[in-house]
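Novice:
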Amino acid sequence: MIAIAGGKGGCGKTTTTACLARALATQGDNPIVVDGDCDMPDLHVLAGVPVTPGLAEFTRGAPLDDVTHGAVELPGVDVLPAGHGDSDDLDRAAGSLTGCRRPVLVDTPAGASPAVATVIRAADGVIIVTTATRESLEDATKTAAIARTVETPILGSVVTNCNGGTDPSTLLGCQTLAHVPTVDSPLTATCVRECYVRVATAMKKRNI
């Protein structure tokens, strides 16, 4: 299970989660993406799936196949929406999904809340998403600090809305996996797709 995390809202976590899952699907995997933002869920909108059933039903015993939805906008990807779930549901779901044989990507909430730490702690690795702004980079360092505190490997960072002028590798203490340019439609842009294929390839080389 991989946590897709970033301290600042609007840094591109949800888009990164979706695009990375799609890249994994094109490489033969059948990933599950989890909307971990129970306060402001929007992964279901991006993926084109219903908002329920989701986390709440899963943690109350519903089989995973019954609460995941094939993503209309992301062929080969199944989505577990936040639905009416809360932070307790996210905590339980993260624990349950650690043994899943399929790749699992969790779109974490923004910030440095206990819910974020819980997901990162349960994950096999974390990818930190940030923009090139000072505020976003500062928040990303807090995310990196959480990962190190709970001893979860940082797989690297993705810098969104950036053509390569900023390299946060020294600041965050991890490899910069991709600089993703600003586009109007990231799900359909070839340049964005190529960025996340590189990230997916880097993940698979590390057997994540």
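Numbering (our numbering), first residue to last: 776 to 983. For glycine and all other residues, C-beta sits at the position ideal for the given N, C-alpha and C. Treat the numbers as computed from the prediction; the structure is a model and nothing was measured.
Have a look at the DSSP bridge pairing and note the partners of His859.
Specialist: According to DSSP, His859 bridges with nothing at all.
Novice: Is the separation between the beta-carbon of Ala953 and that of Arg973 shorter than 8 Å?
Specialist: Closer than 8 Å, so yes.
Novice: Exposed or buried, Ala822, counting other C-beta atoms within 10 Å across all chains shown (16 or more means buried)?
Specialist: With 16 or more other Cβ atoms within 10 Å, it is buried.
Novice: Of all the beta strand (DSSP E) runs that stay within the bounds of the region 875-918, which reach a length of 3 or more residues?
Specialist: Listed in chain order, they are 879-882 and 900-905.
Novice: Please name the residue in Val842, Ile779, Gly860 and Thr916 whose C-alpha comes closest to that of Asp853.
Specialist: Of the candidates Val842, Ile779, Gly860 and Thr916, the one whose C-alpha sits nearest the C-alpha of Asp853 is Val842.
Novice: Please list the segments of the beta strand (DSSP E) lying wholly inside the region 781-850, counting only runs of 3 or more residues, in order along the chain.
Specialist: Listed in chain order, they are 807-810.
Novice: Label Glu910 either buried or exposed according to how many other C-beta atoms from any shown protein chain fall within 10 Å of its C-beta, with 16 as the threshold for buried.
Specialist: That one is exposed.
Novice: Decide if Pro825 is buried, meaning its Cβ has at least 16 other Cβ atoms within 10 Å, or exposed.
Specialist: Flag for Pro825 reads exposed.
Novice: Between Leu930 and the rest of its own chain, which residues show a CB-CB distance below 6 Å, the 5 nearest in sequence each way excluded?
Specialist: The answer, listed in chain order, is Gly900 and Ile902.
Novice: Run through the DSSP bridge pairs and tell me what Ile779 is partnered with.
Specialist: Note: Ile779 sits in a beta bridge opposite Asp882 and Ile902.
Novice: With which residues is Gly931 paired in a DSSP beta bridge?
Specialist: DSSP, once it has assigned bridges, lists Ile902 as partnering Gly931.
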